[in-house]
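There are 2 protein chains.
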Amino acid sequence: MDTLEALYTRYSCREFTDEVVSDEDIEKILKAALAAPSACNTRNWSFIVVRDRETLLKMNEANGPAANALQTANFAVLIVCDKNIMWPKFPEYYVIDGAIAGENMCIAATSLGIGSLWLGTWPQPNKMDAERAVFNLPENLIPHSVIAFGYAKDKSRIGELNKGLKDPTPKIHWEKW
Amino acid sequence: MDTLEALYTRYSCREFTDEVVSDEDIEKILKAALAAPSACNTRNWSFIVVRDRETLLKMNEANGPAANALQTANFAVLIVCDKNIMWPKFPEYYVIDGAIAGENMCIAATSLGIGSLWLGTWPQPNKMDAERAVFNLPENLIPHSVIAFGYAKDKSRIGELNKGLKDPTPKIHWEKW
Numbered sequence: 415m416d417t418l419e420a421l422y423t424r425y426s427c428r429e430f431t432d433e434v435v436s437d438e439d440i441e442k443i444l445k446a447a448l449a450a451p452s453a454c455n456t457r458n459w460s461f462i463v464v465r466d467r468e469t470l471l472k473m474n475e476a477n478g479p480a481a482n483a484l485q486t487a488n489f490a491v492l493i494v495c496d497k498n499i500m501w502p503k504f505p506e507y508y509v510i511d512g513a514i515a516g517e518n519m520c521i522a523a524t525s526l527g528i529g530s531l532w533l534g535t536w537p538q539p540n541k542m543d544a545e546r547a548v549f550n551l552p553e554n555l556i557p558h559s560v561i562a563f564g565y566a567k568d569k570s571r572i573g574e575l576n577k578g579l580k581d582p583t584p585k586i587h588w589e590k591w
Numbered sequence: 415m416d417t418l419e420a421l422y423t424r425y426s427c428r429e430f431t432d433e434v435v436s437d438e439d440i441e442k443i444l445k446a447a448l449a450a451p452s453a454c455n456t457r458n459w460s461f462i463v464v465r466d467r468e469t470l471l472k473m474n475e476a477n478g479p480a481a482n483a484l485q486t487a488n489f490a491v492l493i494v495c496d497k498n499i500m501w502p503k504f505p506e507y508y509v510i511d512g513a514i515a516g517e518n519m520c521i522a523a524t525s526l527g528i529g530s531l532w533l534g535t536w537p538q539p540n541k542m543d544a545e546r547a548v549f550n551l552p553e554n555l556i557p558h559s560v561i562a563f564g565y566a567k568d569k570s571r572i573g574e575l576n577k578g579l580k581d582p583t584p585k586i587h588w589e590k591w
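Taken in order, these protein sequences are the chains called F and Y. First residue of the first sequence: 415, per the working numbering; consecutive thereafter. First residue of the second sequence: 415, per the working numbering; consecutive thereafter.
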């Protein structure tokens, strides 16, 4: 799919069919995450890929009702960031780094006809602690975000232009504020 | 350009030619930012687009030597996030929201043959304060990141597969940590 089409038509898919995403497509999506830039090229993220329904349901419980899409997702990715390899001067850049990698996965998925839903985790301490518990993460790893993937149940929104594009004017400022 | 190709070949372009990016391409890049998801759909970002060299040089000074690409950039975008429209419960999500919009712009640019360089601003207080001063931003606006755009001076890296892709294995974990 053309890049601009993927960027303009990505949407938040909240329910998925039971169609299986191929290993090949999952690899393509992960490759997009690995191609993401990171502050000082620290590449402080890792990605836990989950297909096991039992684990997906545990992740749903950890992230709360807003993450119910995990009940039908074909797979999900937990983005984790590693304190041990963050840029020591400003480690907080990991928040941006993890987000960039996450968006790369969503755009790659869109281009493959696969829906996605971003399930915010950072900065909510209860969700972060609960995801940490699900995966028994060591202290140096920070749960950043969960992203659910799968084929859309409601196919009517596939290819829909993002509604936010309709009136861009108030968001764009030329040369000055 | 195919979406996966754009995602896999985006790179940090640090010097630009004096070729002008068309208004049409700038609009396409901004449209990608506006299509970005945001926590609770708050769309708390805005984008200040700068072509004026004098302002670009002020932005360079504000962001320091790591932002010297602004000396040759054809244009730059300052992403700002608005405290007044953030999700009140967890306003910090703006850090993720701004990053997603920024990456969408970099990927759109890549697909149009335009190079980009992400100039980290948040969470560095001195850079944030200095960018605020350049644009005389009101208190509710938080400078998030600057992204420089233009046509690459060194054309040898265009289309180069991101080096980080070579050995993805250590970053990917299946089903568990």
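Just so you know, even glycine gets a beta-carbon here, dropped at the ideal spot from N, CA and C. All values derive from a computational prediction rather than experimental measurement.
Residue state for Y/I499 is assigned as helix, using DSSP reduced to three classes. Counting only the Cα atoms, Y/N488 lies some 33 angstroms from F/S426. Membership of F/I586 in the beta strand (DSSP E) is indicated by the continuous run 586-588. Contact between F/S530 and F/F563 holds: CB atoms are separated by about 5 angstroms, below the 8 angstroms threshold. Judged by DSSP secondary structure, F/F549 falls within the alpha helix (DSSP H) whose first and last residues are 539-549. The Cβ atoms of Y/W532 and F/L551 lie no closer than 7 angstroms to each other. Using a Cβ-Cβ cut-off of 7 angstroms, F/D466 counts as an interface residue toward chain Y, since at least one Cβ of chain Y sits closer than that to its own. A Cβ-Cβ distance of about 7 angstroms is found for the pair Y/I510 and Y/A453, placing them in contact under the 8 angstroms criterion. In the displayed model, F/G527 falls within coil according to three-state DSSP, outside both helix and strand. Assignment of F/L492 by DSSP, reduced to helix, strand and coil, places it in the strand class. Where Y/I556 is concerned, there is no enclosing alpha helix (DSSP H), although the beta strand (DSSP E) around it starts and stops at 555-564. For Y/Y507, the residues of chain F that pass the 8 angstroms Cβ criterion are G534, P537, in the order they occur in the chain. Approximately 4 angstroms separates the beta-carbon atoms of Y/A449 and F/N576; this is inside 8 angstroms, confirming the contact. If you draw a straight line from the Cα of F/T469 to the Cα of F/E545, it comes to about 11 angstroms. Interface annotation for the segment 459-487 of chain F against chain Y: W459, S460, F461, I462, V463, V464, R465, D466, T469, criterion Cβ-Cβ distance under 8 angstroms. The closest CA to that of Y/I440, considering only Y/I514, Y/E553, Y/L555, Y/I561, is found on Y/I561. Between Y/N518 and F/L579, the gap from beta carbon to beta carbon reaches 7 angstroms or more. Where F/I462 is concerned, the enclosing beta strand (DSSP E) starts and stops at 459-464.
Buried is the label assigned to Y/S460, since at least 16 other Cβ atoms lie within 10 Å of its Cβ. Contacts with chain F at 7 angstroms (Cβ-Cβ) do not include Y/Y565. A Cβ of chain F is located within less than 7 angstroms of the beta carbon of Y/G578. Within the segment 417-444 of chain Y, contact with chain F at the beta-carbon level (separation under 9 angstroms) is assigned to T417, L418, E419, A420, L421, Y422, T423, R424, Y425, S426, E441, K442, L444. For F/I572, there is no enclosing alpha helix (DSSP H), as DSSP marks it with neither H nor E. As DSSP reads the structure, F/L533 sits in a beta bridge with F/V560.
In the structure shown, Y/D432 falls within a coil segment according to DSSP collapsed to helix, strand and coil. A direct Cα-to-Cα measurement between F/E506 and Y/Q538 gives close to 9 angstroms. Judged by DSSP secondary structure, F/T456 falls outside any alpha helix (DSSP H); it is assigned neither H nor E. Separation of the CB atoms of Y/C495 and Y/I443 is rounded to 19 angstroms, and the pair is thereby denied contact status at 8 angstroms. Distance from the Cα of Y/K569 is smallest, within the candidate group Y/I493, Y/G527, Y/N474, for Y/G527.
Taking 7 angstroms as the CB threshold, Y/P557 stays off the interface with chain F. In this structure, the straight-line span from the alpha carbon of Y/E475 to that of Y/Q485 is close to 10 angstroms.
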